[in-house]
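Student: Have a look at the structure that comes next, please.
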Amino acid sequence: MVPEELFSLALGLVPPWLVDHVTFTVEEKRLDLHINFPKGSRFACSVCGEECPVHDTRDHTWRHMDFFQHEAYLHARVPRVKCQEHGVHQISVPWAREGSHFTLLFEALIMTLVREMPVLTVARLVGETDTLLWRVIDHYVPEARTRVDMAHVHAVGVDETSSRRGHDYITLFVD
Numbered sequence: 018m019v020p021e022e023l024f025s026l027a028l029g030l031v032p033p034w035l036v037d038h039v040t041f042t043v044e045e046k047r048l049d050l051h052i053n054f055p056k057g058s059r060f061a062c063s064v065c066g067e068e069c070p071v072h073d074t075r076d077h078t079w080r081h082m083d084f085f086q087h088e089a090y091l092h093a094r095v096p097r098v099k100c101q102e103h104g105v106h107q108i109s110v111p112w113a114r115e116g117s118h119f120t121l122l123f124e125a126l127i128m129t130l131v132r133e134m135p136v137l138t139v140a141r142l143v144g145e146t147d148t149l150l151w152r153v154i155d156h157y158v159p160e161a162r163t164r165v166d167m168a169h170v171h172a173v174g175v176d177e178t179s180s181r182r183g184h185d186y187i188t189l190f191v192d
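Now the structure itself:
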């Protein structure tokens with residue numbers, strides 16, 4: 018099995034998407050996976066779902082989960098389709114949320130880690146800025162809050178303690 022096929026399977030890509038080529042740079046500790054689609058491929062209109070021809074493409078890059086100790090990035094030409102009814106629209110890729118610079122798996126890793134440790138620590142661990150991580154958190158937390166049932170909570174206790182004279186606080190919530 019060639020590396021492109023292996024990475025296509027590992028990423029769960031389905032046709033027409035495929036890993037076109039792989040670049041591995043030992044000195045930079047970096048793996049770049051270039052995703053493409055065959056000429057003549059058709060994609061669903063984001064409005065009506067009709068299969069449409071590709072109008073043009075835009076290059077995008079997403080940070081993915083590390084490949085062992087090497088940072089991994091996905092690069093793709095993301096098509097814009099031309100729908101007869103709705104005009105030109107960019108499609109959504111299956112591996113990333115629209116507007117994000119991270120893959121869905123990398124965002125899942127971030128959300129799992131920030132549940133257990135401070136955001137700045139996670140940022141240092143994954144090699145990204147805490148600002149970018151907060152954007153991911155700010156996307157998923159409001160969505161999660163809408164699904165939480167608080168009907169059984171009757172009282173909430175809050176205790177806040179400063180660990181030093183500075184502004185490092187520990188806040189505890191109990192129901």
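Counting from 1, position 159 in the sequence shown corresponds to residue 176 in the working numbering; the numbering is continuous, with no gaps.
Idealized CB from N, CA, C, for every residue including glycine.
Can you list, in chain order, the residues of its chain with a C-beta nearer than 8 Å to that of C65? Leave out the 5 residues immediately preceding and following it.
Tutor: So the list reads C100, E102, H103, once near-sequence residues are dropped.
Student: Looking at C-alpha atoms only, which residue of W112, Y186, L126 is the closest neighbour of L26?
Tutor: Answer by Cα proximity: W112.
Student: Identify every residue that forms a DSSP beta bridge with W151.
Tutor: DSSP lists no partner for W151.
Student: Run through the DSSP bridge pairs and tell me what I108 is partnered with.
Tutor: None; I108 has no bridge partner.
Student: Out of L122, T148, R141, point me to the one whose CA is closest to G29's CA.
Tutor: Out of L122, T148, R141, L122 has the C-alpha closest to the C-alpha of G29.
Student: Cβ atoms of P33 and P55: under 8 Å apart, would you say?
Tutor: Yes. Within cutoff.
Student: Looking only at C-alpha atoms, which of P135, T163, V165 sits nearest to W151?
Tutor: Closest by alpha carbon: P135.
Student: Taking all protein chains shown into account, do 16 or more other C-beta atoms lie within 10 angstroms of the C-beta of I187, making it buried, or fewer, making it exposed?
Tutor: I187 is exposed by the Cβ-count criterion.
Student: I'd like the span of the alpha helix (DSSP H) that includes E124, first residue to last.
Tutor: Its alpha helix (DSSP H) spans residues 121–131.
Student: For H92, which of N53, T148, V173, E133 has the nearest alpha-carbon?
Tutor: With distances taken between Cα atoms, H92 lies closest to N53.
Student: So H81 and A89 are supposed to be a Cβ contact under 8 Å. How far apart are they, rounded?
Tutor: Yes, they are in contact, since the Cβ atoms of H81 and A89 sit about 4 Å apart, within 8 Å.
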